[in-house]
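Counting in the numbering used here, the sequence shown runs from 2 upward without gaps. Think of the CB as a built atom: it goes at the ideal place given N, C-alpha and C, for glycine as much as any other residue.
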Amino acid sequence: MLHELRLNSARAVMLHQLISEKLGLNATDHKCLDFLTRSGPVTAGQLAQLTGLTTGAVTSVIDRLEKAGYVVRDKDPKDRRRVVVKPAPEGSSSIAPMFQSVMLSTYNILAQYNEQELELLLGFLRQCNDMTLEEMNKLQNNKDS
Numbered sequence: 002m003l004h005e006l007r008l009n010s011a012r013a014v015m016l017h018q019l020i021s022e023k024l025g026l027n028a029t030d031h032k033c034l035d036f037l038t039r040s041g042p043v044t045a046g047q048l049a050q051l052t053g054l055t056t057g058a059v060t061s062v063i064d065r066l067e068k069a070g071y072v073v074r075d076k077d078p079k080d081r082r083r084v085v086v087k088p089a090p091e092g093s094s095s096i097a098p099m100f101q102s103v104m105l106s107t108y109n110i111l112a113q114y115n116e117q118e119l120e121l122l123l124g125f126l127r128q129c130n131d132m133t134l135e136e137m138n139k140l141q142n143n144k145d146s
């Protein structure tokens, strides 16, 4: 089981690296853009929390994504003193086609499972996601490693 999890993780990393290259992005910028697409408008600090990156690293990521036309900075409608970052509509249109085949294949795999099995898989994935974020935080906070 662990072998298959590691293999899936490695292949997902390589797939996203390939997509990143086709978009003219590095892998970190691409994954940050993915977080932004899912979360909606966020501040740089919020993006840092979502990704586990430092605020300085996130600022550089946002600068590169903005320059490439994938995101825009805007004033927070709830607090005009704050700036939020959100995906640029025209940037998103170039990304979606690259994921159509992957999404269709994923839906076809998920369709093989009943509701109870899907709930089990979902619970497992949520625990793995929480554990991964926790491990990222440990590594980031441990200056000796």
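Report yes if the CB atom of residue i is closer than 7 Å to the CB atom of residue j, and no otherwise.
i, j, result
"Leu66", "Val72", "yes"
"Met104", "Ile20", "no"
"Gly53", "Gly70", "no"
So does residue i have its beta carbon nearer than 6 Å to some heavy atom of the ligand ATP?
i, result
"Leu105", "With respect to small molecules bound, the structure shown includes none, and the ligand ATP cannot be examined in it."
Among the options, which one has its Cα closest to the Cα of residue i?
i, options, result
"Lys68", "Leu26, Glu118, Leu111, Leu119", "Leu26"
"Ala97", "Lys23, Val59, Leu140", "Lys23"
"Asn9", "Thr107, Gln117, Gln113, Leu119", "Thr107"
"His31", "Asn143, Ile110, Leu123, Ser95", "Ser95"
With a CB to CB cut of under 7 Å and the five nearest residues on each side skipped, what residues in its chain are close to residue i?
i, result
"Asn115", "none"
"Leu134", "Gly53"
"Thr55", "Ala49"
"Gln141", "Gly53"
"Gly57", "none"
For residue i, collect the residues of the same chain with a Cβ closer than 8 Å to its Cβ; drop the 5 residues on either side in sequence, then sort them by chain order.
i, result
"Asp77", "Pro42, Thr44, Arg83, Val84, Val85"
"Ala28", "Val14, His17, Gln18, Ser21"
In chain order, what residues of the same chain have a beta carbon less than 6 Å from the beta carbon of residue i, not counting five sequence neighbours either side?
i, result
"Val59", "Ala45, Leu48, Ala49"
"Met137", "Gly53"
"Gln128", "none"
Report yes or no: is there a C-beta of chain C within less than 7 Å of the C-beta of residue i?
i, result
"Asn143", "In the displayed structure, chain C is absent; only one protein chain is listed."
Could you compute how far the alpha carbon of residue i sits from the alpha carbon of residue j?
i, j, result
"Leu126", "Ala11", "16 Å"
"Leu6", "Gln113", "19 Å"
"Leu121", "Lys79", "38 Å"
"Asn130", "Leu119", "16 Å"
"Ile110", "Ser40", "25 Å"
Exercise for the section: Evaluate the contact criterion for the segment 53-70 versus the segment 86-100: three or more CB pairs, one atom per stretch, below 8 Å. Expected result: yes
Exercise for the section: Say whether the segment 48-62 touches the segment 29-38, bearing in mind that this needs 3 or more beta-carbon pairs closer than 8 Å, one atom from each stretch. Expected result: yes
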